[in-house]
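**Q** Each residue of the sequence shown is one higher than the one before, starting from 1 at the first, in full-length UniProt numbering.
Ideal Cβ positions, reconstructed from N, Cα and C, are used throughout, including at glycine.
The structure presented is a predicted model; accordingly, all values stated were derived computationally and were not measured.
Dropping a structure here in structure tokens format, bear with me for questions.
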Amino acid sequence: MEIVLASGSPRRRELLAHLKVDFRVRTSEVSEEIEGSIEPSEVVEMLSLRKAAKVAEEEKNAWIIGADTIVVKGGQILGKPSDPADAFAMLSSLQGTKHQVFSGISLIEVRDGEVKQSLSRHAITNVWMNSLSDQRIKWYIETGDPMDKAGSYGIQGYGASFIDRIEGCYFNVVGMSLSLLAEMLETCSCPLFEKS
């Protein structure tokens with residue numbers, strides 16, 4: 001059966017490629033609106049499942065992987081910035097302090113057009129960001145790099161220079177914990193790791 005990544009994120013594509021598996025990408029346009037007050041772990045699991053489920057509706061036989069990432073600072077969820085001013089506000093609030101990155105992963109098995117099993121999990125990584133000058137933050141925003149990233153920075157690019165240290169999975173901060181995904185694939189008996 002095929003593996004389908006329900007994400008247009010180039011970072012998630014690169015991460016899944018690290019597992020040395022064949023997969024294809026099928027983006028899912030779903031609402032990322034969350035109603036009510038729920039925990040960050042529930043938010044990322046709900047959104048990753050929403051993305052995977054949308055793609056599952058159109059698949060006959062496949063393992064579908066959905067993922068979602070958010071940054072949390074002081075109980076406030078920081079998604080992708082809406083504009084440069086929003087990115088500046090996010091980075092200003094994160095600089096010089098600790099925050100958390102939550103990434104949810106959902107795995108759905110579809111056989112003969114029917115969902116056979118579904119599993120959602122999340123990982124949390126603590127991140128300590130260095131103090132940053134307003135000038136450095138503005139320069140970074142002008143590169144355009146933060147505009148498609150939760151929390152307005154990418155740890156895998158220039159944003160790595162902002163980070164003092166992390167506690168937890170690095171790949172979780174990039175967008176998807178590979179160790180969690182591998183564990184989920186084994187839990188669901190996906191034949192990914194079997195010899196042919």
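To the nearest angstrom, report how far apart K138 and A89 are at their CA atoms.
**A** Roughly 11 angstroms between the two C-alpha positions.
**Q** Between the C-alpha atoms of L47 and G104, what's the straight-line distance to the nearest angstrom?
**A** So the alpha carbons of these two residues sit roughly 8 angstroms apart.
**Q** For G175, count the other beta carbons within 10 Å of its own beta carbon; 16 or more makes it buried, fewer makes it exposed. Which is it?
**A** Answer is buried; the Cβ neighbour count reaches 16.
**Q** Among A52, I108, A85, P191, whose alpha-carbon lies nearest the alpha-carbon of V30?
**A** The residue with the shortest Cα to Cα distance from V30 is A52.
**Q** Checking 9 angstroms against the spacing of the C-beta atoms, do W63 and E2 come in under that value?
**A** Result yes, Cβ atoms of W63 and E2 sit closer than 9 angstroms.
**Q** Within this structure, are the beta carbons of I124 and L49 separated by less than 9 angstroms?
**A** Result no, Cβ atoms of I124 and L49 do not sit closer than 9 angstroms.
**Q** If we call anything under 9 angstroms between Cβ atoms a contact, is H99 one with V127?
**A** Yes; because the gap between Cβ atoms is below 9 angstroms, this pair is in contact.
**Q** Alpha carbon to alpha carbon, what distance is there between G79 and K60?
**A** Roughly 32 angstroms between the two C-alpha positions.
**Q** Please determine, among M184, E45, M129, the residue with the shortest C-alpha to C-alpha distance to Y153.
**A** Of M184, E45, M129, the residue nearest in Cα terms is M129.
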